[in-house]
Amino acid sequence: MAGHSKWANIRHRKERQDKKKGKIWSKCSKAIMAAARAGGPDPDTNLALRYAIDEAKYANMPKDTIQRAIDKGAGASGGENFEEIVYEGFGPGGVALIIEALTDNKNRTVTDVRQAFKKNGGNLGNTGAVSFMFQTKGQIVLAGKHDENTVMEMALEAGAEDVQPPEGDDGAWVILTEPSDFQQVKEAFEAAGIEIAEAGITKLPNDQQEVRGEDARKLLNLIDALEDSDDVQKVYSNASIPDDELANLE
17 MAGHSKWANI RHRKERQDKK KGKIWSKCSK AIMAAARAGG PDPDTNLALR
67 YAIDEAKYAN MPKDTIQRAI DKGAGASGGE NFEEIVYEGF GPGGVALIIE
117 ALTDNKNRTV TDVRQAFKKN GGNLGNTGAV SFMFQTKGQI VLAGKHDENT
167 VMEMALEAGA EDVQPPEGDD GAWVILTEPS DFQQVKEAFE AAGIEIAEAG
217 ITKLPNDQQE VRGEDARKLL NLIDALEDSD DVQKVYSNAS IPDDELANLE
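Heads up: take any position in the sequence shown, counting from 1, add 16, and you land on the numbering used here.
Shown next as structure tokens:
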């Protein structure tokens, strides 16, 4: 459907994240430290660390900063013990939201999340309230222009589940995989020298909920408020904001 492409939503999210680069790097560092502390400093044997490092690289985080986070997380003593927590709720317009947090203080985190929902027209729900509306998938976004046959053939041979061609002149290829196949598909494109703009394990909605007008504005404010929390790592939603509506909200 025009104005509802997956790439439009990915692009808009990325543009908003780019404006918060310092905070994104801080969250990447925390994810790296937590993964290194839990599973060791070697990304070849610690899959969670490998994913965290990759996300930091896609966010253009410097190599030395990544290495410092690994070293700090893998240190025998000192450093924080982070706990993973997932919150679920509904935003304006009935939009479903999943919030992944990494925290050393659960009381602080739940207070931040609850306040964000309360101030922006949403409701924090119980565990399981919306998670059934999403699927966990590997997602790879390719940078630049590519030959359709090459991308299709490579993705399917590597084990991809779905290949979504660009929509419009500024679109991008989006490759979807099962989580277990994500790494091998990503490595196939890397080995072929095809630049990846963004890749990771994500949660994709089974269906999208269109929001416009004031609901769309409140929803974006809610997501901003959640992402402003130092403890919140990722926010997923089933919202679809049409391109013309996004332009009005800029």
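C-beta: ideal position from N, C-alpha, C; glycine also. Note that the coordinates shown come from a computational prediction; the quantities given were computed from them, not determined experimentally.
Asked, Found
"Return the chain-ordered ranges of every beta strand (DSSP E) run that is complete within the segment 102-190 and spans a minimum of 3 residues.", "112-119, 139-141, 150-158, 178-180"
"Reducing DSSP to helix, strand and coil, say where alanine 255 ends up.", "strand"
"Hey, would you say leucine 236 sits closer than 8 Å to leucine 265, going by beta carbons?", "yes"
"Take the Cβ of aspartate 9 as the centre, count every other Cβ of all protein chains shown within 10 Å, and call the residue buried at 16 or more, exposed below.", "Residue 9 is absent from the model: the chain starts at 17 and stops at 266."
"Which same chain residues, not among the five before or five after aspartate 120, have their C-beta less than 8 Å away from its C-beta?", "Glu96, Asn97, Phe98, Glu99"
"Give me, in chain order, the residues of the same chain whose beta-carbon lies closer than 7 Å to that of serine 147; leave out the 5 immediate sequence neighbours on both sides.", "Glu104, Ile114"
"Using 8 Å as the threshold, is the C-beta distance between glycine 58 and glycine 216 below it?", "The sequence as given places aspartate at residue 58; glycine does not occur at that position. No, Cβ-Cβ distance for aspartate 58 and glycine 216 is not below 8 Å."
"Have a look at the DSSP bridge pairing and note the partners of alanine 215.", "Ile156"
"Go ahead and label asparagine 254 buried or exposed: buried means 16 or more other beta carbons lie within 10 angstroms of its beta carbon, across all protein chains shown.", "buried"
"Whole angstroms is fine: what's the gap from isoleucine 40's alpha carbon to glutamate 116's?", "14 Å"
"What does a CB cutoff of less than 6 Å around arginine 130 pick up in its chain, not counting 5 residues either side in sequence?", "Leu140"
"From isoleucine 48 to alanine 85, what does the alpha carbon distance come to, in whole angstroms?", "6 Å"
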